[in-house]
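Q: First residue of the sequence shown: 1, per the UniProt record's numbering; consecutive thereafter.
Ideal placement from N, C-alpha and C gives every residue a C-beta, glycine not left out.
Below you'll find the structure I mean.
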Amino acid sequence: MMHPARQAYVEEAEEDHGMSLDEIPVDRDYDIPSAAAGIAPEKASAILSQFERKRRAATMAVPTDDGRVRAKLRELGEPITLFGEGPADRRDRLRELLTLQAEQAPTESPDVAMEDAPQEDQEDQEEEFYTMGSDELLRARQDIARFSLPRAKQRLLFQKQEASIPLRTHVKFRKEIKERLQAFELQGSQTAGDRNVSMTRISPNGELVAAGNWGGSIKLIGIPSLEEKMTLRGHTNRVSGISWFPGATLPESNVSPETVNLASGGAEGQVNLWSLNKDTPLSTLEGHGQRVCRVEFHPSGRYLASASEDTTWRLWDVESTTELLLQEGHSRGVFAISFNSDGSLLASAGLDSIGRIWDLRSGRTVMILDGHGDGHIKPIHGIDWGSDGYRVLTGSADGWIKCWDVRKVQRTGGIGAHTSAVSDLRWYKGLDDPILGTPPGLDEKGNQLPKKSSTFFVSSGFDRKVNVFSADDWTLIQTLEGHTGPVASVDISRDARWIVSGGHDRTVKLWGRNDGEGI
């Protein structure tokens, strides 16, 4: 098959100059015929440019792995996928972009790798790079491993016990839970300041709710009276994240009210640690360059994670108040974080519409929550683990909640939860938590009952609704309406007696059964 440029040259030569095929040069350095040969210089130049571009594109080295292709597109500031685009199309688009980049700056682009480059250089470009961590981080990773392994063992034991329960018992048990959840209704409403309520989290004993607002204050409100007990002042801008210390307010945990009971993050970039008998912070953790969107205590209580719009999440030592880890990996702000029940994994997600699962014992990413084209298409605002330790929920501004399975490394469920953005979500974890060693319950005959944990979850949305969903079949159990503005946050008490929400109507609302009992 003769090269198109050579074919054109041969035809022109034979027609206008009577040249034979044997006289045609074979060195591929073709001279495009001039205007005298019947082709305008501009057209000849365009043909040459087209050939040169195709030659460059053919030699351009592009990743074959679709995940790496997406990462490179994100690095170039291009959409990671277009409507109807498959992996092959996406790879061709990246090749064209890299070719154009090479043309514009052929000597200045270190990102362009040619196929004739040494094999070692190509391997180096695909290699993951790690920075040396501190001795404190190493000890923290070892401590997390020692903490998580017994919990994982206990969790697996619970799951094996539950697997022996007959299916009809599971079906009957979950049907009763749905019926009890359908009886939830508004039990009280309280204005929580002069500004929008941005975050609500219920204390472990279910008797307090910490409500942060746009003004920077946090109000501790009693349940079910909704009386204001205390106002914590320390942030100078919107409170975005609140987390209760594991076991705080529980008599059996021996957490003193004078020690750290609460953590919060603000839009000014600070993380504050609070006691329950002082209205100013015990400590302030500084390091983030932008708004702190969420904070979360590790199940051990020894560490605290914070997510920020500066595109990082960080791990802190609570006792020494020092930063142990600054973790990058997101291309835009990190909005949500959550530890699994064992404390071995952390899930992060944010404004880049992608979630990541991190192994805290090694620092590696074990799963990327993008679904290979089936992930979220807008920023992720909420993320939470189930008590089973391997499933995680994400809620997005696209209105969807999706479930991801770390064992299968894929998405396993999803539901169009709200007609507007999902602002927050909480998966019910129940009382059967390994941190307290509580086993699954027994019926009146002594037979083991299924666990209530992970049977349902709640979500809040900018459509002014709080929704309760079944985690078994992803059906809507109940819609709680009462807010007159977007709902920014929602939470469930450990005993499932109460659901608390807060929103832009400046109110905190309490939902529950009229008999005051849980599920």
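For valine 458, count neighbouring Cβ atoms within 10 angstroms of its own Cβ and tell me buried if that reaches 16, exposed if not.
A: The residue is buried, with at least 16 neighbouring Cβ atoms inside 10 Å.
Q: How about histidine 235 and serine 275: do their beta carbons lie closer than 8 Å?
A: No, the pair does not count as a contact, with Cβ atoms beyond the cut-off.
Q: If you reduce the DSSP assignment to three classes, tell me which class serine 148 lands in.
A: Helix, per DSSP.
Q: What's the C-alpha gap between glutamate 268 and arginine 238?
A: Looking at the two C-alpha atoms, the distance is approximately 8 Å.
Q: Per DSSP, which residues does methionine 367 bridge with? Please list them.
A: Methionine 367 is bridged to Ile357.
Q: Start and end of the beta strand (DSSP E) containing valine 422?
A: Where valine 422 is concerned, the enclosing beta strand (DSSP E) stretches over 422 to 427.
Q: Lysine 72 to leucine 94, Cα distance in whole Å?
A: Computed Cα separation, rounded: 8 Å.
Q: Excluding the 5 residues preceding and the 5 following aspartate 505 in the sequence, name in chain order all residues of the same chain whose CB lies nearer than 7 Å to its CB.
A: If we look at aspartate 505 and ignore the five residues flanking it on each side, its Cβ neighbours are His483, Thr484, Gly485.
Q: So, are the CB atoms of isoleucine 383 and isoleucine 337 less than 8 Å apart?
A: Yes, they are a contact pair.
Q: Please classify asparagine 467 as buried or exposed, where buried requires at least 16 neighbouring CB atoms within 10 angstroms.
A: Looking at its Cβ environment, which holds 16 or more other Cβ atoms inside 10 Å, asparagine 467 is buried.
Q: Indicate the three-state DSSP secondary structure (helix, strand or coil) for serine 253 in the structure shown.
A: Three-state DSSP puts serine 253 in a helix.
Q: For asparagine 196, does the count of other Cβ atoms within 10 angstroms reach 16, so buried, or fall short, so exposed?
A: It counts as buried.
Q: Go to glycine 212, then tell me how far its beta strand (DSSP E) extends in each direction, as first and last residue.
A: Element bounds for glycine 212: 208 to 213.
Q: Hey, quick one: how far does the beta strand (DSSP E) through glutamate 323 stretch, first residue to last?
A: Looking at the DSSP string, the run of the beta strand (DSSP E) that includes glutamate 323 is 322 to 327.
Q: Rounded to whole angstroms, what is the Cα-Cα separation between arginine 141 and aspartate 317?
A: Rounded to the nearest angstrom, the two C-alpha atoms are 12 Å apart.
Q: Identify whether threonine 169 lies in helix, strand or coil by the three-state DSSP scheme.
A: In the structure shown, threonine 169 sits in a helix (DSSP, three-state: H, G or I).
Q: For the ligand GDP, any of its heavy atoms closer than 7 Å to the Cβ of aspartate 310?
A: Absence of the ligand GDP from the depicted structure is noted, as is the absence of any ligand whatsoever, leaving it without description.
Q: In the DSSP output, what is arginine 205 paired with across the bridge?
A: Note on identity: in this sequence residue 205 is asparagine, with arginine being the wrong assignment. Per DSSP, none; premise fails for asparagine 205.
Q: I'd like to check one pair, valine 487 with lysine 451: are the Cβ atoms closer than 8 Å?
A: Cβ atoms of lysine 451 and valine 487: not closer than 8 Å.
Q: With C-beta atoms as the reference, is tryptophan 474 less than 8 Å away from isoleucine 415?
A: The answer is yes: Cβ separation under 8 Å.
Q: Can you name, in chain order, every residue of its own chain whose Cβ lies under 8 Å from the Cβ of serine 300, other than the five neighbours on each side?
A: Here the set comprises Asp143, Ile144, Phe147, Pro246, Gly343.
Q: Taking the C-alpha atoms as reference points, what is the distance between alanine 35 and leucine 98?
A: Low confidence applies to alanine 35: its pLDDT is 44, below 50, so where it sits in the model is not reliable, and the reading given next is rough at best. Cα to Cα, alanine 35 sits roughly 33 Å from leucine 98.
Q: Just how far apart, CA to CA, sit tryptophan 358 and glutamate 185?
A: Each residue's Cα considered, the two are about 38 Å apart.
Q: Ordered along the chain, which non-local residues of its own chain (more than five positions away) have a Cβ less than 7 Å from that of glutamate 335?
A: Going by the sequence as given, residue 335 is phenylalanine instead of glutamate. Counting only Cβ-Cβ distances below 7 Å, and skipping sequence neighbours, we find Cys293, Arg294, Ala307, Ala349, Gly350, Leu351, Pro379, Ile380, His381.
Q: Assuming the contact rule is C-beta atoms closer than 8 Å, alanine 210 and leucine 220 should be a hit. Round their C-beta distance to whole Å, please.
A: The Cβ separation is near 6 Å, so the contact holds.
Q: Going by beta carbon distance, what residues of the same chain come within less than 6 Å of arginine 180, once the five residues before and after it are set aside?
A: Ile519.
Q: What is the rounded straight-line gap between the Cα of glutamate 258 and the Cα of glycine 461?
A: Approximately 35 Å between the Cα atoms of the pair.
Q: At the level of alpha carbons, what is the spacing between glutamate 481 and aspartate 424?
A: Distance between the alpha carbons of glutamate 481 and aspartate 424 is about 16 Å.
Q: DSSP three-state label for alanine 417, please.
A: Looking at alanine 417 - three-state DSSP - the assignment turns out to be coil, as it is neither helix nor strand.
Q: Cβ atoms of proline 224 and leucine 510: under 8 Å apart, would you say?
A: Taking 8 Å as the Cβ cut-off, leucine 510 and proline 224 qualify as a contacting pair.
Q: Where aspartate 374 and tryptophan 404 are concerned, what is the direct C-alpha to C-alpha distance, given to the nearest angstrom?
A: Those two C-alpha atoms are separated by around 11 Å.
Q: Out of curiosity, what's the CA-to-CA distance linking glutamine 327 and threonine 312?
A: Distance between the alpha carbons of glutamine 327 and threonine 312: 5 Å.
Q: With distances taken Cα to Cα, identify the nearest neighbour of glycine 202 among Phe469, Ile492, Thr507.
A: The sequence as given places isoleucine at residue 202; glycine does not occur at that position. Nearest of Phe469, Ile492, Thr507 to isoleucine 202, Cα basis: Ile492.
Q: Return helix, strand or coil for isoleucine 223, following the three-state DSSP convention.
A: Three-state DSSP puts isoleucine 223 in coil, outside helix and strand.
Q: Where does glutamine 270 land, buried or exposed, given buried means 16+ other C-beta within 10 angstroms?
A: Classification for glutamine 270: buried.
Q: Can you tell me which of Met132, Ala183, Ser387, Val422 puts its alpha carbon nearest to the alpha carbon of lysine 402?
A: The candidate whose alpha carbon is nearest that of lysine 402 is Val422.
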